[in-house]
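See below for the structure under consideration.
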Amino acid sequence: MPKLAKLISTPRGLRRALAWWPPYRCAGIKVVHIADDWSSARIRLRLGTLNRNYFGTHFGGSLYSMSDPFWVLLAVNRLGRDYVVWDKTGEIEFVSPGRGTVYSEFRLSEARVAEIRQATADGSKALPWFESTVTAADGTVVARVRKQLYVRRKPGR
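Position one of the sequence shown corresponds to residue 506 (our numbering), numbered consecutively onward.
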């Protein structure tokens with residue numbers, strides 16, 4: 506297994522790799538936590554000069570970027586190597602201006618994993634939707650993010 510693949514195969518390794526990934530590092534995005542069983546993740550975005558828009562609030566692209574890969578990362582690691590998991594669709598609704606540090610949390614329950622496994626057991630694809638919110642430190646909702654994944658069991662598995 507190549508070094509990078511080995512590094513990102515664990516939650517701790519992925520968190521460390523993302524800390525150095527230029528799009529996250531330059532945007533001020535930090536992966537605060539990924540659960541050992543890949544069931545959850547917590548992401549932080551601090552407002553800085555490189556992610557501030559014309560109005561002095563968080564750039565919308567940074568808000569989306571902090572939310573973009575985590576449903577896929579959690580799902581592919583929870584489902585295992587017998588599944589293909591891709592992003593299919595994503596959308597963001599901006600609710601209020603992001604000022605200061607914002608957070609996003611992702612929780613993939615065992616029930617949801619079982620639902621996906623059942624939907625794909627016969628080789629069919631599943632297109633589940635997932636939702637997360639970006640919130641300010643005081644709990645104010647800054648944005649709502651929805652992601653649709655493409656999930657299919659690999660043939661012959």
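Virtual Cβ for every residue (Gly too), placed ideally from N, Cα, C. On a predicted model such as this, the values are computed, not experimentally measured, just so you know.
Same chain only: Cβ atoms within 6 Å of residue i, ignoring 5 sequence neighbours per side
i      : result
Ile500 : Nothing in the structure corresponds to residue 500, since the chain is present only between 506 and 662.
Lys652 : Trp576, Gly595 and Phe635
Val639 : Leu568, Val607, Ser609, Val647 and Ala648
Trp591 : Tyr655
Test item: CB-CB of residue i and residue j under 9 Å
i      : j      : result
His563 : Leu555 : no
Leu613 : Leu579 : yes
Ser637 : Ser609 : yes
Pro602 : Phe560 : yes
Cut-off 7 Å between Cβ atoms - residues of its own chain near residue i, not counting five sequence neighbours on either side
i      : result
Ala624 : Ala631
Cβ-based burial, residue i [other Cβ within 10 Å; buried from 16]
i      : result
Ala619 : exposed
Ser572 : buried
Phe635 : buried
Met506 : Residue placement at Met506 is flagged as unreliable, the pLDDT there being 49, under the threshold of 50; a coordinate-derived value is accordingly withheld.
Phe611 : buried
Pro516 : buried
Trp525 : exposed
Backbone secondary structure at residue i - three-state DSSP
i      : result
Arg586 : coil
Phe575 : helix
Nearest candidate by alpha-carbon position, reference residue i, set the options
i      : options                   : result
Arg617 : Tyr608, Thr640 and Val656 : Val656
Own chain partners of residue i with C-beta closer than 8 Å, once the 5 adjacent residues on each side are dropped
i      : result
His538 : Arg520, Ser545, Ala546 and Arg547
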